[in-house]
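2 protein chains.
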Amino acid sequence: MPEKSSRSSRRERTPLSRERVLRCALAVADREGIGALTIRSLARALETKPMSLYHYVANKDEILDGIVDLVFSEIDLPSAGGDWRPGMHRRAQSARRVLRCHSWAIGLLESRTTPGPATLQHHDATLGTLRAAGFSVQMTAHAYALLDSYIYGFALQEAALPFKGPGTVAEVTEPIVQLFSAGDYPHLREMASEHVLQPGYDFGNEFEFGLDLILDGLAASISDRGGALPPPASRPG
Amino acid sequence: MPEKSSRSSRRERTPLSRERVLRCALAVADREGIGALTIRSLARALETKPMSLYHYVANKDEILDGIVDLVFSEIDLPSAGGDWRPGMHRRAQSARRVLRCHSWAIGLLESRTTPGPATLQHHDATLGTLRAAGFSVQMTAHAYALLDSYIYGFALQEAALPFKGPGTVAEVTEPIVQLFSAGDYPHLREMASEHVLQPGYDFGNEFEFGLDLILDGLAASISDRGGALPPPASRPG
DNA sequence: CCATATTTCGTACAGTGTACGAATGCGTAC
DNA sequence: GTACGCATTCGTACACTGTACGAAATATGG
Chain L
15 MPEKSSRSSR
25 RERTPLSRER
35 VLRCALAVAD
45 REGIGALTIR
55 SLARALETKP
65 MSLYHYVANK
75 DEILDGIVDL
85 VFSEIDLPSA
95 GGDWRPGMHR
105 RAQSARRVLR
115 CHSWAIGLLE
125 SRTTPGPATL
135 QHHDATLGTL
145 RAAGFSVQMT
155 AHAYALLDSY
165 IYGFALQEAA
175 LPFKGPGTVA
185 EVTEPIVQLF
195 SAGDYPHLRE
205 MASEHVLQPG
215 YDFGNEFEFG
225 LDLILDGLAA
235 SISDRGGALP
245 PPASRPG
Chain A
15 MPEKSSRSSR
25 RERTPLSRER
35 VLRCALAVAD
45 REGIGALTIR
55 SLARALETKP
65 MSLYHYVANK
75 DEILDGIVDL
85 VFSEIDLPSA
95 GGDWRPGMHR
105 RAQSARRVLR
115 CHSWAIGLLE
125 SRTTPGPATL
135 QHHDATLGTL
145 RAAGFSVQMT
155 AHAYALLDSY
165 IYGFALQEAA
175 LPFKGPGTVA
185 EVTEPIVQLF
195 SAGDYPHLRE
205 MASEHVLQPG
215 YDFGNEFEFG
225 LDLILDGLAA
235 SISDRGGALP
245 PPASRPG
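What follows is the structure in structure tokens.
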């Protein structure tokens, strides 16, 4: 028996909007994985019907573009005036943290070629920090490609790990190593027994080492020649 | 009118096998993209019917695992006896080249948590080269995480670029920059006009810079302390 | 020949994105 | 009021996905 008054037929759910669709899509992806984010599941989460979403979004691809941009908007921007090194350090750590929270975003990056405003803003601010610090345009391009490659690649590896926290390493690693036949993969075995399976191991700790090494290298590159183009070292021989 | 003799009813197509299924899947993904790789399209390419594939493969996920492992098998292994630096350099360049050929593989890595034999072999050989060069276990872990993060991240960025070759940069970049409203993204504009749109620009060239910087840093790290654990630099202040 | 195992594949089902067009509600002008 | 026009909601339908189930065809061994 449907109520007839117009007042009650629009139930008191908050009205739909593009914003709300995207935020809810992000929440669903976080909660149940990107594979569980379907038009129908999203509509259910919003208490609507599937086809209603298409008034705010052209297609599913636009939703994916949108939530990737939302993820980017969570990353700390380097402050405009500060030194480049702590700025880049903070940004890198923040990006890694954000990408670990939304690990499905990494896999999406490969197929998304239309960056959103938050993504563009993020890139612009980062480039600006480097340029303001005296990096040449060339050197800025080098530094940016290097830093972002490292950040994304690290996040990708972290996402692909079969274990999530430091606690569950053994339960996952042990049975895999057991499967290796007698003499196979000796160095993987060593790495497992002498490093990964040691108490307190956490892959995430590796991030800092590489990040500092890269920032050191960049610092050296610009102090050498004021940010000019040549590669960081020409090895003799 | 079906032929009745058993001889002619089995047409002279080469017999199915797990190997053939995976190799064909790889070819389809390369030719038409990973999105076009479906059980039905794969069966068509193999001149069979969809359900026949399931005798050689448990499900589609196993196919994806399989072709990722095939991709890994294409990457040059560092030779066992050689110096670590040229070995790592060659491996990195080879990995990048392979991942550029099969750019869909990057996006797959995030969701694949069961590495195949070629993948394990690859990791083992790389670890072995570093250990043989005198890297400590800790330092090997650091170096490996760093190098692979850079390689995967670079490949991911390369895959996400809207343009493929050096030729098409302008056609893609120009209209995007045109869309920016008046004062927005000044540093992106600068990077576009003064670097990306310059003749001869190729993002792929950035790879070498970062790779050399990382290898320099690693070389310094092990010569400092014989591959001991501490980070590459402790900055004063 | 038959019996058994391996391999092929036809049919069916639940789930996907979304095109199309019909309903419904809402704001304004008469 | 009432009628129009627009924004919004959504029902139905279609082509396509992975794959469960079981039947058919073929190969193998006695």
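Heads up: the sequence lines are chains L and A, in that order. With this note's numbering, the residue at position 204 of the first sequence is 218, and numbering never jumps. With this note's numbering, the residue at position 59 of the second sequence is 73, and numbering never jumps. By construction, the Cβ of each residue, glycine as well, lies at the ideal position given by its N, Cα and C atoms. Keep in mind the model is a prediction, meaning the values are calculated, not measured.
Identify the contact partners of residue i in chain L, using a Cβ-Cβ distance below 8 Å as the criterion.
i: T133(A); result: Under the 8 Å cutoff, chain L gives no residues; its nearest Cβ is about 11 Å from T133(A).
Listing by chain order, which chain A residues have their CB less than 7 Å from the CB of residue i?
i: E33(L); result: Under the 7 Å cutoff, chain A gives no residues; its nearest Cβ is about 20 Å from E33(L).
i: Y199(L); result: L134 and D138
i: T127(L); result: A174 and P176
i: R114(L); result: Neighbours of R114(L) on chain A: none; closest Cβ ~12 Å, over 7 Å.
i: G142(L); result: H201
Measure the alpha-carbon distance for residue i versus residue j and round it to whole angstroms.
i: I48(A); j: I89(L); result: 30 Å
i: L193(A); j: A174(L); result: 36 Å
i: G142(A); j: V151(A); result: 10 Å
i: R32(A); j: Y70(A); result: 5 Å
i: E188(A); j: L161(L); result: 25 Å
i: C115(A); j: P129(L); result: 23 Å
i: N219(L); j: R203(L); result: 21 Å
i: R104(L); j: I228(L); result: 14 Å
i: P180(L); j: V210(L); result: 10 Å
i: A39(A); j: I81(A); result: 7 Å
i: V42(L); j: D75(A); result: 23 Å
i: P16(A); j: L36(A); result: Here P16(A) scores only 36 on pLDDT, less than 50, and its place in the model should not be relied on; the value that follows carries that caveat. Computed Cα separation, rounded: 30 Å.
i: L131(A); j: A233(L); result: Before going on, a small fix: residue 131(A) reads as Pro here, not Leu. If you take the alpha carbons of P131(A) and A233(L), they lie about 40 Å apart.
i: I190(L); j: K178(L); result: 16 Å
i: W118(A); j: A147(L); result: 36 Å
i: S112(L); j: A72(L); result: The sequence given here places Val at residue 112(L); Ser does not occur at that position. Taking the straight line joining both Cα atoms gives about 27 Å.
i: A169(L); j: P29(L); result: 36 Å
i: A59(L); j: R27(A); result: 49 Å
i: L225(L); j: Q107(L); result: 9 Å
i: P100(L); j: R145(L); result: 15 Å
i: P200(L); j: D238(A); result: 28 Å
i: S207(A); j: Y215(L); result: 46 Å
i: G197(L); j: A159(A); result: 24 Å
i: T182(A); j: Y164(A); result: 25 Å
i: E46(A); j: T62(A); result: 19 Å
Counting only the same chain and skipping the five closest in sequence on each side, list residues whose C-beta sits under 7 Å from that of residue i.
i: T133(A); result: D83 and F86
i: L78(L); result: L122 and R126
i: P64(L); result: I53, R54 and A57
i: H136(A); result: F86, I89 and L91
i: F217(A); result: E172 and L175
i: F221(L); result: R110 and F168
Under a Cβ-count criterion, where at least 16 other Cβ atoms within 10 Å of its own Cβ denotes burial, should residue i be classed as buried or exposed?
i: S93(A); result: exposed
i: M205(L); result: buried
i: M102(A); result: buried
i: Q212(A); result: exposed
i: Y68(L); result: exposed
i: R54(L); result: exposed
i: E124(A); result: buried
i: A139(L); result: buried
i: S195(A); result: exposed
i: S235(A); result: buried
i: A50(L); result: exposed
i: R110(A); result: buried
i: G231(A); result: buried
i: E185(L); result: exposed
i: S66(L); result: exposed
i: G95(L); result: exposed
i: G167(L); result: buried
Once the 5 residues before and after residue i are set aside, which same chain residues still bring their CB inside 6 Å of it?
i: F223(A); result: none
Who are the neighbours of residue i on chain A, taking C-beta pairs under 8 Å?
i: V151(L); result: E204, M205, E208 and H209
i: R145(L); result: H201 and E204
Hey, is residue i close to the ligand MG, as in C-beta under 7 Å from one of its heavy atoms?
i: F86(A); result: No copy of the ligand MG occurs in the structure displayed, which carries no ligand at all.
For residue i, go through chain L and note every residue whose CB falls closer than 7 Å to its CB, in chain order.
i: L123(A); result: L170 and A174
i: A155(A); result: M205, H209 and E220
Determine the chain A residues that contact residue i at a beta-carbon separation under 9 Å, and present them in chain order.
i: E185(L); result: What E185(L) touches in chain A: nothing, since even the nearest Cβ is about 14 Å away.
Take residue i and list the residues in its own chain whose beta-carbon comes closer than 8 Å to its own, dropping the five residues that flank it on each side.
i: F149(A); result: W98, A157, I236 and G241
i: I120(A); result: L113, Y166, A169, L170 and A173
Residues in the stretch 158-179 of chain L with C-beta within 7 Å of chain A's C-beta atoms, listed in sequence order?
A159, L160, D162, S163, Y164, I165, Y166, G167, F168, L170, Q171, A173, A174 and P176
Of all the residues that make up the stretch 223-237 of chain A, which are near chain L by a beta-carbon distance shorter than 8 Å?
F223, G224, D226, L227, I228, D230, G231, L232 and S235
Give the residues from the stretch 63-90 of chain A that approach chain L closer than 8 Å (Cβ to any Cβ), ordered along the chain.
none
Residues from the stretch 35-54 of chain A in contact with chain L, defined by Cβ distance under 7 Å:
none
Please list the residues of the stretch 94-106 of chain A that have a C-beta atom closer than 7 Å to any C-beta atom in chain L, keeping them in chain order.
none
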